[in-house]
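If you read the sequence shown in our numbering, its first letter stands for residue 1, the second for the next number, and so on.
C-beta atoms are modelled at their ideal positions from N, C-alpha and C, and glycine is treated no differently.
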Amino acid sequence: MDFTPLSRFIDRITSWRIPWAEVVVMYRNETVFRYRNGYADLEAKIPAVDRQIINLYSLTKILTCTAALQLVEKGFMLLDDPLSAYLPEYAEMTVKKTLPNGEITLDKAERPIRVRDLFCMTAGFSYNLGAPSLKEAVQRTEGRLTTREFAAALAKEPLLFEPGTRWNYSLCHDVLAALIEVVDGRRFSDYVRDEITGPLGMQDTGFRLSEEQRTRLAPQYEYDDSLGKPVRKEGNGFRIGTEFESGGAGLMSTVSDFTLFLNALANQGTSPEGVRILSPSGVDLMRTDHLTESMRADFSWVQLAGYGYGLGVRTHISKAASGSLSTLGEFGWSGAAGCLAIMDPAAQLTVMYAQHMMNNQEPYIHPRLKNIVYACL
Numbered sequence: 001m002d003f004t005p006l007s008r009f010i011d012r013i014t015s016w017r018i019p020w021a022e023v024v025v026m027y028r029n030e031t032v033f034r035y036r037n038g039y040a041d042l043e044a045k046i047p048a049v050d051r052q053i054i055n056l057y058s059l060t061k062i063l064t065c066t067a068a069l070q071l072v073e074k075g076f077m078l079l080d081d082p083l084s085a086y087l088p089e090y091a092e093m094t095v096k097k098t099l100p101n102g103e104i105t106l107d108k109a110e111r112p113i114r115v116r117d118l119f120c121m122t123a124g125f126s127y128n129l130g131a132p133s134l135k136e137a138v139q140r141t142e143g144r145l146t147t148r149e150f151a152a153a154l155a156k157e158p159l160l161f162e163p164g165t166r167w168n169y170s171l172c173h174d175v176l177a178a179l180i181e182v183v184d185g186r187r188f189s190d191y192v193r194d195e196i197t198g199p200l201g202m203q204d205t206g207f208r209l210s211e212e213q214r215t216r217l218a219p220q221y222e223y224d225d226s227l228g229k230p231v232r233k234e235g236n237g238f239r240i241g242t243e244f245e246s247g248g249a250g251l252m253s254t255v256s257d258f259t260l261f262l263n264a265l266a267n268q269g270t271s272p273e274g275v276r277i278l279s280p281s282g283v284d285l286m287r288t289d290h291l292t293e294s295m296r297a298d299f300s301w302v303q304l305a306g307y308g309y310g311l312g313v314r315t316h317i318s319k320a321a322s323g324s325l326s327t328l329g330e331f332g333w334s335g336a337a338g339c340l341a342i343m344d345p346a347a348q349l350t351v352m353y354a355q356h357m358m359n360n361q362e363p364y365i366h367p368r369l370k371n372i373v374y375a376c377l
């Protein structure tokens with residue numbers, strides 16, 4: 001294996017627009033390559049270092065879906081269960097429809113939201129964190145909105161379409177976190193710690209930081225197209241309440257920590273040390289394409305051509321459509337600040353790519369990085 005092209009790619013993008021970048025490649029449970037370059041703090045010229053903490057954003061979704069799938073494996077719920085069996089506020093939903101004359105109507109939903117719709121982004125939700133019911137709930141709780149209160153508030157908003165008929169990237173996994181709380185009885189963060197991060201030894205992964213961990217939180221940037229450079233952009237806008245544990249975008253972690261989790265999934269659900277977080281059958285169900293033909297047109301991001309969508313993850317289904325060197329069945333997801341997870345059980349491969357910049361240049365970086373990794377093996 002020669003990873004020189006991969007290190008050169010990291011050097012190239014960090015001299016282009018990305019303040020810093022890091023990549024870890026694990027093959028057959030061994031770290032065969034790790035490289036970083038650039039400045040974690042551009043203004044002070046402080047290089048990126050090991051153990052720096054970053055916002056994972058939507059990489060959180062993989063872990064949330066893993067947690068929920070554990071409850072499916074244990075028989076606490078089924079994918080086809082109606083969501084209202086656990087969260088009663090979702091029993092009577094309305095669907096916003098636009099008539100040919102432009103008039104907007106609110107009709108009673110004909111189909112129930114099912115548990116699988118939360119996993120698969122097919123419930124009919126939007127990603128509007130400024131929706132009236134959510135804003136009211138934040139104000140009413142004086143900024144201390146909980147995960148369960150978030151889900152109750154979102155249920156008051158009309159759906160964009162009949163559940164199970166289309167795909168839309170949305171707040172589904174935030175509601176999934178609330179579902180986990182109700183089904184299991186523990187707070188979402190406690191469940192995650194007890195069942196996933198704790199057993200895997202992920203000491204720097206969570207929804208809140210200690211004082212010591214705060215000293216290791218990397219500055220966050222956003223690429224400003226008008227200025228042609230990254231500018232500071234601190235905070236996580238997806239955390240709309242101090243007690244809200246966003247299953248869609250709330251986790252913070254380090255590259256080393258999150259690689260432990262990704263590698264367990266790539267290893268069919270079990271870590272090299274024997275810690276099992278999912279069964280092989282559970283991992284296979286997660287990376288099965290769950291899109292119907294009517295949903296496929298909605299899943300149209302350019303960097304995901306040739307991919308389907310499983311239980312919270314992209315999954316590679318067509319080399320001809322993707323033009324990717326990765327194996328069919330390779331799966332993962334990405335985050336708003338540019339992180340990328342690649343898991344491939346067939347190739348026994350795990351890749352964690354990290355950066356910390358919004359307006360993340362993902363359509364350029366991720367497909368190229370993926371091809372370089374597979375070519376280097």
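- Secondary structure at Thr-105: strand, using DSSP grouped into helix, strand and coil.
- Using a Cβ distance threshold of 8 Å, Tyr-27 and Gln-355 do not count as a contacting pair.
- Close CB contacts of Pro-112 within its chain, under the 6 Å cut and outside five residues either way in sequence, are with Pro-82 (chain order).
- According to DSSP, residue pairing for His-316 in a beta bridge involves Tyr-307.
- Here Val-175 is near Leu-154, since their CB atoms are less than 8 Å apart.
- Per DSSP, Ile-10 is one residue of the alpha helix (DSSP H) stretching across 4 to 14.
- Three or more Cβ pairs closer than 8 Å define a contact, and the region 48 to 59 meets that threshold against the region 214 to 221.
- CA-to-CA, the gap between Ile-18 and Ala-337 works out to about 10 Å.
- Here Thr-254 carries a coil assignment [DSSP, helix/strand/coil].
- Residues Leu-79, Asp-80, Asp-81, Pro-82, Leu-83, Pro-163 and Gly-164 of the same chain have their beta carbon placed closer than 8 Å to that of Arg-114, with the five preceding and five following residues left out of the count.
- Exposed is the label assigned to Leu-99, since fewer than 16 other Cβ atoms lie within 10 Å of its Cβ.
- Its Cα nearest to that of Tyr-86, the residue Phe-76 stands out among Phe-76, Val-351, Asn-236 and Ala-137.
- About 7 Å separates the beta carbons of Phe-9 and Arg-368, which is inside the 8 Å limit, making them a contact pair.
- Rounded to the nearest whole angstrom, the C-alpha separation of Glu-73 and Arg-36 is 38 Å.
- Sequence-distant partners of Thr-327 (beyond 5 residues in either direction) whose C-beta falls short of 6 Å from its own C-beta, in its chain, are Asp-344, Ala-346 and Ala-347.
- Excluding five sequence positions before and after Gly-274, none of the CB atoms of its chain fall closer than 8 Å to its own CB.
- When the alpha-carbon of Tyr-353 is set against those of Cys-339, Ser-324 and Asn-359, the nearest one is in Cys-339.
- Boundaries cannot be given for Ile-53, as no alpha helix (DSSP H) includes it and DSSP labels it neither H nor E.
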